[in-house]
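Colleague: Shown below is the structure under consideration.
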Amino acid sequence: MNNEEVFARIQKLFDVELFSEAKVLVVGCGSGGGGVALQLVMSGIKHLTLVDKDVLEPANVIRHVCGRRFIGAKKVDALEEVLLDRNVLADVRKLPVDIMKFNPLQSLIEEHTVVVLATDNEPTRFLINELCVQTRTPFVVGRVFTRGIGGEVFSYRPKNGGCLACLERVLERTKFRNGIREIDLVSQAERDLMYGLEVSEIKDSPGLNVDISFITSFHTRFVLESIAATLAERPKYMEPIPENYLVWGNRPSHPFDRHFQIQRITLDPQEGCQVCSRKEE
Ligand SMILES: [Zn+2]
Numbered sequence: 053m054n055n056e057e058v059f060a061r062i063q064k065l066f067d068v069e070l071f072s073e074a075k076v077l078v079v080g081c082g083s084g085g086g087g088v089a090l091q092l093v094m095s096g097i098k099h100l101t102l103v104d105k106d107v108l109e110p111a112n113v114i115r116h117v118c119g120r121r122f123i124g125a126k127k128v129d130a131l132e133e134v135l136l137d138r139n140v141l142a143d144v145r146k147l148p149v150d151i152m153k154f155n156p157l158q159s160l161i162e163e164h165t166v167v168v169l170a171t172d173n174e175p176t177r178f179l180i181n182e183l184c185v186q187t188r189t190p191f192v193v194g195r196v197f198t199r200g201i202g203g204e205v206f207s208y209r210p211k212n213g214g215c216l217a218c219l220e221r222v223l224e225r226t227k228f229r230n231g232i233r234e235i236d237l238v239s240q241a242e243r244d245l246m247y248g249l250e251v252s253e254i255k256d257s258p259g260l261n262v263d264i265s266f267i268t269s270f271h272t273r274f275v276l277e278s279i280a281a282t283l284a285e286r287p288k289y290m291e292p293i294p295e296n297y298l299v300w301g302n303r304p305s306h307p308f309d310r311h312f313q314i315q316r317i318t319l320d321p322q323e324g325c326q327v328c329s330r331k332e333e
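Quick note on numbering: our numbering labels position 61 of the sequence shown as 113, and the sequence is numbered without any gaps.
Below, the structure written as C-alpha cells:
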C-alpha cells in the first residue's frame with residue numbers, strides 16, 4: 053500500500069502531502085478523542101501519539117469508535133488497531149499513562165505540532181493549557197455539554213488569541229453559558245436522576261454518539277487548521293478559520309432555542325490572565 057492507493061479518493065481535494073509530517077498528540081482516547089483521531093488518519097495525518105490509561109469497558113462501546121471485540125483492551129491499543137485499519141500508513145505511538153503523573157509531559161508536548169485535548173476533567177485540561185502556553189504549542193479542546201445538548205471547541209493559537217484560562221475568565225463574566233454545565237459540574241444527585249449510572253461512565257460520554265459527533269467534527273477541523281497554520285504553504289481548498297472558539301447547540305434545550313445552532317467567537321488574550329499574560333518580548 054502506498055500513498056497513491058490509500059488517498060486516491062481525497063488527494064485531489066486535500067493536500068495530504070502537506071500534512072504528512074505533522075505530529076499530533078491525542079490526550080484522552082474516549083469517544084471524543086477516539087473520534088478525532090479516526091477523522092485525522094482519514095484525512096491523511098500519519099503521526100499520532102495516543103495517551104490514555106483506561107481500558108475499554110462494555111458500556112463505552114455504544115459511543116466509542118472501537119467495538120465489542122476490544123472490550124478489556126487498553127484504549128490506546130484498541131484505537132491503534134482501528135486507526136491502522138483505516139490508514140495502514142499511520143505511525144502510532146502509545147502511552148497508557150496517567151497524564152497527571154507523567155513527568156516528561158512538557159517535552160512530549162514540545163515534540164508535537166498540535167495537541168488534541170479530549171480528557172474529561174478540568175485538572176488535565178488546565179495542566180495541558182499551561183504547558184502548551186509555556187511551549188507555544190497549539191492545542192484544541194472539545195467538550196460536550198450535559199445530556200449532549202451541545203458542546204464547544206476552543207483552539208489555542210500561540211501568538212494569536214487567548215488561552216483556556218482566558219476563556220474561563222470570559223465565561224465567568226458573561227451569561228454566555230448560563231444554564232449549561234459540563235457533566236463534571238453536575239451534582240451526584242442530578243447524575244443519578246438523569247442516568248442511573250455510575251459517575252465515571254457519565255463523565256466519559258454525555259449524550260448520544262450522534263451528538264458527540266458534531267463536536268468531534270468541529271474539533272478535527274480546528275486541529276487541521278492548527279496544522280495548516282504551521283505550514284509554509286496554505287493547503288488548497290482550506291480557508292483559514294478566523295474564530296478560535298465555537299459553541300454548538302444540538303437541539304432546542306436552554307440556552308439553545310433551535311436545532312443546530314452555532315455561535316462563533318474570537319477570544320483575545322485577557323489582561324491579567326495568570327497563564328498567558330506574561331510579558332512577551
Ligand atoms: Zn490566558
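From the three backbone atoms N, C-alpha and C, an ideal C-beta is built for every residue, glycine too.
Could you name each continuous beta strand (DSSP E) segment of 3 residues or more that falls completely within the stretch 60-117, going from the start of the chain to the end?
Modeller: Complete beta strand (DSSP E) runs here, min 3: 75-79 and 99-103.
Colleague: What are the start and end residues of each continuous beta strand (DSSP E) run of 3 or more residues lying completely inside the stretch 131-175, in chain order?
Modeller: You should have 143-147 and 166-169.
Colleague: What residues are listed by DSSP as bridge partners for residue 297?
Modeller: Bridge partners of residue 297: 206 and 317.
Colleague: How about residue 272 and residue 84: do their beta carbons lie closer than 8 Å?
Modeller: Not closer than 8 Å, so no.
Colleague: If you count every other CB in all the chains shown that lies within 10 Å of the CB of residue 62, and 16 or more means buried, which is it?
Modeller: Answer is exposed; the Cβ neighbour count stays below 16.
Colleague: Taking only heavy atoms of ligand 1 into account, decide whether any of them is closer than 7 Å to the Cβ of residue 329.
Modeller: Correct: residue 329 has its Cβ closer than 7 Å to ligand 1.
Colleague: Going by C-alpha distance, which of 54, 178, 312 and 79 is nearest residue 265?
Modeller: Checked all of 54, 178, 312 and 79; the closest Cα to residue 265 is 312.
Colleague: Is it true that the CB of residue 168 sits closer than 8 Å to the CB of residue 79?
Modeller: Closer than 8 Å, so yes.
Colleague: Spatial neighbours of residue 161 within its chain, please: CB distance less than 8 Å, with the 5 preceding and 5 following residues excluded, ordered by chain position.
Modeller: Excluding residues within five positions, the ones whose Cβ falls inside 8 Å are 77, 167, 180, 183, 184, 187 and 189.
Colleague: Hey, is residue 215 close to ligand 1, as in C-beta under 7 Å from one of its heavy atoms?
Modeller: Yes.
Colleague: What does residue 121 pair with, by DSSP beta-bridge criteria?
Modeller: Note: residue 121 sits in no beta bridge, so no partner.
Colleague: Examine ligand 1 and report whether any of its heavy atoms sits within less than 7 Å of the Cβ of residue 325.
Modeller: Answer for residue 325: yes, Cβ within range of ligand 1.
Colleague: What do you get for residue 320, buried or exposed, if any count of 16 or more other CB atoms within 10 angstroms of its CB means buried?
Modeller: So residue 320 counts as exposed.
Colleague: Considering only residues of the same chain and omitting the five flanking positions on each side of residue 158, which have a CB-CB separation below 8 Å?
Modeller: Excluding residues within five positions, the ones whose Cβ falls inside 8 Å are 183, 186 and 187.
Colleague: Roughly how many angstroms separate the alpha carbons of residue 222 and residue 305, rounded to a whole number?
Modeller: So the two alpha carbons sit approximately 23 Å from each other.
Colleague: Is the number of C-beta pairs between the stretch 136-148 and the stretch 109-123 that are closer than 8 Å three or more?
Modeller: Judged by Cβ distances under 8 Å, the stretch 136-148 makes no contact with the stretch 109-123, as fewer than three pairs qualify.
Colleague: Tell me the rounded alpha-carbon separation between residue 176 and residue 68.
Modeller: Each residue's alpha carbon lies about 31 Å from the other.
Colleague: Out of 205, 329, 303 and 284, which has the shortest C-alpha to C-alpha gap to residue 296?
Modeller: Of the listed residues, the one whose Cα sits closest to residue 296 is 205.
Colleague: So which of 112, 173, 107 and 100 has the shortest CA-CA distance to residue 143?
Modeller: Nearest option by C-alpha distance: 100.
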